[in-house]
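Numbering (the numbering used here), first residue to last: 1 to 699. Where a beta carbon is used, it is the ideal one built from N, C-alpha and C, also for glycine. Here the structure is laid out as structure tokens; the discussion comes afterwards.
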């Protein structure tokens with residue numbers, strides 16, 4: 001206290017500087033300056049790992065968007081298929097040949113005509129070099145396939161009619177090429193202009209089926225995308241039958257479910273904007289499509305709320321790549337214009353790499369979300385402790401240097417511990433996070449509030465004579481011991497908080513295998529020991545004895561248990577309420593109405609009860625009724641009207657059932673864990689737990 005004439009200048013300066021430095025340090029802790037560095041560290045680490053998986057990120061913001069993608073528009077050639085054409089089927093002279101090495105069945109004249117037709121109607125060329133056994137073939141890939149004629153086996157049935165032959169070849173994922181000729185008399189040879197037009201009255205010699213096989217692993221990758229809530233739509237210029245067959249081979253189409261699944265570009269183009277918006281999300285294959293049709297599909301999907309990723313290779317795909325939320329250019333077959341217009345370049349042109357990109361981007365979003373929760377918990381808890389200590393106890397819980405050091409530990413060690421986290425495999429078993437969803441979820445807010453309440457209670461114990469027993473100690477550094485203990489406890493809360501965040505998608509065994517995480521945690525603890533025990537003069541602290549170290553570790557350990565178990569219990573209670581809602585008719589509506597009525601009743605009666613000083617025995621009974629009423633009120637007004645109705649709509653369809661729902665208790669028990677509401681590790685024998693819960697609560 002400042003007393004005129006008695007307080008020295010040094011004491012007066014300390015009286016002003018100490019609160020000022022404490023306030024500035026608190027502001028520094030409250031402002032997450034290191035958040036941007038942590039996010040940048042996560043993005044840099046993710047992009048580096050994506051490059052090792054043949055994905056080059058050009059726009060950093062696309063990493064976040066790619067994790068929320070709901071639809072991928074993918075070209076067929078070079079992405080889903082190998083883009084390696086080979087002749088696999090020939091129908092010539094009414095004879096169907098699937099063995100390309102055996103042409104003995106063809107008449108000699110027909111063989112000569114076929115050879116002449118190939119030679120005269122291709123821009124490809126064959127070059128024989130001296131000393132080289134195999135000649136070099138030049139030209140487009142289709143023409144190379146005709147000249148090389150490398151065979152592969154297929155199981156197509158032979159057909160005699162050409163229409164059936166073409167149809168079967170298309171169903172067999174083949175492109176069809178026809179060889180035909182027309183005789184001209186020397187005096188009636190056509191002009192160059194006439195030859196450029198589509199010729200008429202040709203004599204058909206043969207139909208050739210050219211196949212482009214699917215890439216290995218494409219079908220499995222598409223199935224994983226479907227399980228992750230990402231729809232794959234194939235856009236191609238092939239015939240409808242060919243496109244449909246390839247889509248079924250890749251796993252895009254298991255069966256043809258309706259006319260809206262497969263559309264041609266002309267059909268889609270002729271629709272109005274409203275009609276395109278309605279059917280766009282049902283289309284799985286867009287055949288005979290032009291780049292403009294692909295662009296229309298992207299716009300229609302974005303209008304309906306989808307997050308779209310589109311692939312592109314040529315210069316005509318640049319508009320689609322720019323319009324899509326994420327543009328994916330091919331590194332091998334893509335042009336320079338397509339690469340410049342894209343956000344991510346797939347270096348090996350494989351769809352499997354696109355799946356890996358989605359995994360890494362979802363992992364990036366989760367890492368950032370977990371770090372934000374970690375940073376927010378530290379910030380709010382520290383500020384809450386400082387405010388409570390100053391207002392209630394008229395003291396500073398931490399010195400300014402300790403606050404700054406705590407901020408340094410969070411920004412450096414915390415970011416490193418959470419940034420280098422392996423990709424959780426379970427992320428591909430969940431639907432994508434909405435691009436407009438809140439980064440901080442309700443569960444995260446609950447954890448934050450519980451953590452703050454716990455630390456404030458610990459602070460009250462520290463200031464009392466219960467935990468540290470400093471009031472009657474002989475030491476003159478009681479305040480420094482208390483501040484050092486609070487600082488030590490907060491650090492261990494951070495350490496165990498990192499384990500808690502990791503345990504959300506990893507087992508303890510997997511966490512202990514992560515060398516980078518263990519090194520970071522070990523460095524944090526070692527740094528804390530050195531600073532506290534040997535450099536205490538620099539942080540205005542003192543050495544702590546073994547008992548205080550054990551207490552600080554217990555405070556950090558219990559902080560995570562206090563956060564984890566109440567949420568587990570609440571989620572368990574949610575599952576029980578959900579079981580009742582699915583088995584008891586009108587339970588959700590009854591619970592909501594009962595909870596609201598009891599809450600209003602308790603709010604009116606409770607003050608009157610205290611005012612009349614009811615006897616303790618009667619009051620204890622009243623308190624049980626009040627607790628049950630408040631529980632029913634909270635669950636009824638919030639959970640029942642929101643979660644339960646949403647669950648009923650999700651399970652039973654668009655309209656909630658008016659009678660007993662058709663889902664039995666056995667069906668609920670056997671639901672996959674990842675599809676349940678709650679923690680995912682609590683199996684519910686419905687009848688037993690409902691009876692036990694009701695008997696325990698209602699006495």
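- By DSSP's assignment, residue 326 forms a beta bridge with 309.
- Just measuring C-alpha positions, the residue of 382, 358, 523, 243 sitting nearest residue 417 is 523.
- Residue 432 and residue 292 have their C-alpha atoms roughly 28 Å apart.
- For residue 62, same chain residues with a beta-carbon under 7 Å away, outside a window of 5 residues either side, are 326, 343, 344 in chain order.
- In this structure, the straight-line span from the alpha carbon of residue 228 to that of residue 546 is close to 50 Å.
- At a Cβ-Cβ threshold of 8 Å, residue 494 and residue 410 count as neighbours.
- Residue burial annotation: residue 360 is buried, with at least 16 other C-beta atoms found within 10 angstroms of its C-beta.
- Per DSSP, the unbroken alpha helix (DSSP H) holding residue 529 starts and ends at 515-534.
- In this structure the stretch 239-257 does not lie against the stretch 378-385, because fewer than three pairs of beta carbons, one per stretch, are closer than 8 Å.
- Note that the C-beta distance between residue 295 and residue 319 is below 8 Å.
- In the three-state DSSP reduction, residue 333 falls in the coil class, being neither helix nor strand.
- Remark: C-beta atoms of residue 315 and residue 284 do not approach each other more closely than 8 Å.
- Counting every other CB atom within 10 Å of its CB across the protein chains shown gives residue 516 a total below 16, marking it as exposed.
- Out of 561, 353, 364, 317, the CA that lies nearest to the CA of residue 340 is found in 317.
- About 14 Å separates the beta carbons of residue 489 and residue 529, which is beyond the 8 Å limit, so they are not a contact pair.
- 331 is the residue among 308, 352, 331, 338 whose C-alpha sits nearest the C-alpha of residue 346.
- Between residue 67 and residue 358, the C-beta gap is smaller than 8 Å, which places the two residues in contact.
- By the beta-carbon neighbour count (other beta carbons within 10 angstroms, threshold 16), residue 230 is buried.
- In the structure shown, residue 69 adopts coil according to DSSP, grouped into three states.
- Counting the other Cβ atoms within 10 Å of the Cβ of residue 538 gives fewer than 16, which makes it exposed.
- Taking every protein chain shown into account, the CB of residue 509 has fewer than 16 other CB atoms within 10 angstroms, so this residue is exposed.
- Taking the Cα positions, residue 536 is about 21 Å away from residue 412.
- When C-alpha distances from residue 58 are compared across 492, 328, 559, 548, the shortest belongs to 328.
- For residue 500, the number of other beta carbons within 10 angstroms of its own is at least 16, and it is reported as buried.
- Secondary structure note for residue 80: it is in no alpha helix (DSSP H), with a DSSP letter that is neither H nor E.
- Within 10 angstroms of the beta-carbon of residue 534 lie fewer than 16 other beta-carbons, which makes it exposed.
- DSSP lists 264 as the bridge partner or partners of residue 287.
- Per the coordinates, the alpha-carbon of residue 77 lies some 19 Å from the alpha-carbon of residue 225.
- In the same chain as residue 65, and ignoring 5 residues on each side of it, the C-beta atoms closer than 6 Å to its own belong to 325, 326, in chain order.
- Straight across, the Cα-Cα distance linking residue 73 with residue 44 is about 27 Å.
- Minimum Cα-Cα distance from residue 265 among the listed residues 280, 447, 427 corresponds to 280.
- With contacts defined by Cβ atoms closer than 8 Å, residue 392 and residue 480 do not form a contacting pair.
- Between residue 560 and residue 496 a beta carbon distance of about 5 Å is seen, short of the 8 Å cut, so the two are scored as contacting.
- Residue nearest to residue 288 within the set 267, 49, 386, 271 is 267 (criterion: CA-CA distance).
- Going by beta carbons, residue 309 and residue 550 fall outside the 8 Å limit.
- Taking C-beta atoms as the reference points, residue 352 and residue 218 count as a pair closer than 8 Å.
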